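Following: one structure in structure tokens, then a few remarks.
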Amino acid sequence: MENVIIVGTGCAGLTAAIYTARANLSPLVLEGRQPGGQLTTTTAVENFPGFPDGVDGPELIMRMHAQAGKFGARFQYGTVEEFEHVGGVNRLRVDGAWLETKALIIASGASPRYIGLDREKELIGHGLTSCATCDGAFYRNVPVCVVGGGDSACEEATFLTRFASKVYLIHRRDSLRASKIMADRVLANPKVEPVWDSAVTAYLTDADGEVRAVKLKNLQTGAESELELKCVFVAIGHEPNTQAFRGKVDTDEAGYLKQSGGTHTNLPGVFAAGDVADHVYRQAITAAGQGCAAAIDAERWLTAQGES
Ligand code: NAP
Numbered sequence: 001m002e003n004v005i006i007v008g009t010g011c012a013g014l015t016a017a018i019y020t021a022r023a024n025l026s027p028l029v030l031e032g033r034q035p036g037g038q039l040t041t042t043t044a045v046e047n048f049p050g051f052p053d054g055v056d057g058p059e060l061i062m063r064m065h066a067q068a069g070k071f072g073a074r075f076q077y078g079t080v081e082e083f084e085h086v087g088g089v090n091r092l093r094v095d096g097a098w099l100e101t102k103a104l105i106i107a108s109g110a111s112p113r114y115i116g117l118d119r120e121k122e123l124i125g126h127g128l129t130s131c132a133t134c135d136g137a138f139y140r141n142v143p144v145c146v147v148g149g150g151d152s153a154c155e156e157a158t159f160l161t162r163f164a165s166k167v168y169l170i171h172r173r174d175s176l177r178a179s180k181i182m183a184d185r186v187l188a189n190p191k192v193e194p195v196w197d198s199a200v201t202a203y204l205t206d207a208d209g210e211v212r213a214v215k216l217k218n219l220q221t222g223a224e225s226e227l228e229l230k231c232v233f234v235a236i237g238h239e240p241n242t243q244a245f246r247g248k249v250d251t252d253e254a255g256y257l258k259q260s261g262g263t264h265t266n267l268p269g270v271f272a273a274g275d276v277a278d279h280v281y282r283q284a285i286t287a288a289g290q291g292c293a294a295a296i297d298a299e300r301w302l303t304a305q306g307e308s
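Now the structure itself:
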């Protein structure tokens with residue numbers, strides 16, 4: 001029986017690991033399908049306090065990981081397949097084996113959303129991706145597009161101008177949702193061409209099954225067109241990673257875990273932190289803050305149970 005299991009190694013999970021490890025709870029931290037979370041797919045993070053010159057997302061995560069390990073956090077690779085809360089004990093099936101814990105901190109983050117078009121999942125890796133940091137360098141001196149109008153879309157588009165000959169920024173409205181500084185930066189880049197009021201309605205592939213163009217529909221006029229390019233970078237937001245917990249831990253209408261009173265969920269001893277529970281702020285620093293709060297909530301809950 002563990003004192004604390006933390007699900008997730010993004011900013012929320014690793015901060016919870018640092019705090020619970022320093023509280024001598026010897027947390028077990030589960031690293032899932034995307035260890036390190038979304039920061040590992042980001043470039044320079046310019047808004048995390050303490051880094052006036054910015055810091056690479058992966059480096060920030062590596063530092064948090066090392067800090068948690070230094071204080072005694074234990075790490076295990078594995079995906080949570082099933083969750084049960086029975087007789088006050090939290091049970092997790094991880095890659096076929098059951099683990100038990102008194103307190104559980106769910107910090108499993110959120111995953112990129114795709115458009116929902118035909119053949120979309122099978123085209124991932126064949127000219128369709130959600131990660132410019134991962135795949136941008138494969139598309140040198142060719143045209144690409146980014147779909148979306150938020151900070152992610154702007155960040156991806158700006159990053160891709162390092163490689164691509166042209167970056168079309170396809171957005172369904174005629175103004176960007178992104179923060180002004182990021183919107184101004186991307187629109188000022190001569191390699192970026194915005195395509196306003198438009199939706200991608202189909203991916204067109206070549207004989208090798210690689211994306212060669214997208215079909216577009218102008219949502220104002222209804223006009224249809226084709227845009228030749230080599231890769232589509234989708235940046236239209238995220239879905240919370242709650243698969244194993246659905247129906248057991250309360251969620252809101254969008255599927256994000258509900259917190260009531262700090263980071264407590266509806267189940268005693270189960271806490272939620274970071275993007276899995278937050279569709280409002282979704283920042284590295286707010287996730288880290290929630291990880292800290294969840295660790296303190298878990299520690300106090302264990303003490304109140306006479307467990308630590
Ligand atoms: P977001 O702010 O929710 O933006 C999603 C964008 O995708 C919106 O422009 C939305 O259009 C569009 N969209 C949604 N569903 C679509 C669909 N089915 N088809 C076409 N377009 C669709 O998501 P995000 O950009 O990932 O940002 C999430 C959070 O992370 C934000 O709080 C953001 O500030 C933060 N973030 C910060 C940084 C940074 O500061 N470095 C970088 C990345 C993200 P509408 O505008 O019409 O709704």
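Using the working numbering, you'd call the opening residue of the sequence shown number 1 and step up by one each time.
Ideal Cβ positions, reconstructed from N, Cα and C, are used throughout, including at glycine.
A quick note: this is a predicted structure, and the numbers were derived from the prediction, not measured.
Check: Ala153 C-beta below 7 Å from any heavy atom of the ligand NAP: yes
Ala21 and Gly72 closer than 8 Å at C-beta: yes
Whole-angstrom distance between Phe138 and Val4, CA atom to CA atom: 41 Å
Sequence ranges, alpha helix (DSSP H) only - wholly within the segment 100 to 142, length at least 4: 120 to 123, 132 to 135
Buried or exposed by the 16-neighbour rule on C-beta atoms within 10 Å, applied to Val86: exposed
3-residue-minimum beta strand (DSSP E) runs that sit fully inside the segment 5 to 73, ordered along the chain: 28 to 31
Touching by the beta-carbon criterion (3+ pairs, under 8 Å), the segment 219 to 227 and the segment 191 to 203: yes
Check: Gln34 C-beta below 7 Å from any heavy atom of the ligand NAP: no
Touching by the beta-carbon criterion (3+ pairs, under 8 Å), the segment 206 to 216 and the segment 158 to 165: no
Sheet register partners of Pro240 (DSSP bridge): Ala110
Residues sharing a beta bridge with Cys145, DSSP: Tyr168, Val232
DSSP-derived helix/strand/coil call for Phe159: helix
Top-ranked residue by Cα proximity to Cys131, from Val232, Tyr256, Glu193, Arg282: Val232
Close Cβ partners of Glu299 (< 6 Å) along its chain, the five nearest in sequence each way excluded: Ala23
Ala110 beta carbon less than 8 Å from that of Ala12: no
Burial state of Cys154 (16 or more Cβ within 10 Å): buried
8 Å Cβ cutoff met for Lys215 and Val142: no
Ala179 CB to nearest heavy atom of the ligand NAP below 7 Å: In the sequence as displayed, the identity of residue 179 is Ser instead of Ala. True, at least one ligand heavy atom lies under 7 Å from that Cβ.
Among Ile105, Tyr77, Thr79, Gly78, nearest to Asn90 - alpha-carbon criterion: Ile105
Beta-carbon proximity of Asp151 to Ser175, cut-off 8 Å: no
CA nearest to the CA of Val94, picked from Glu193, Ala244, Asp275, Asn266: Ala244
Euclidean distance between Cα positions of Pro49 and Gly262: 23 Å
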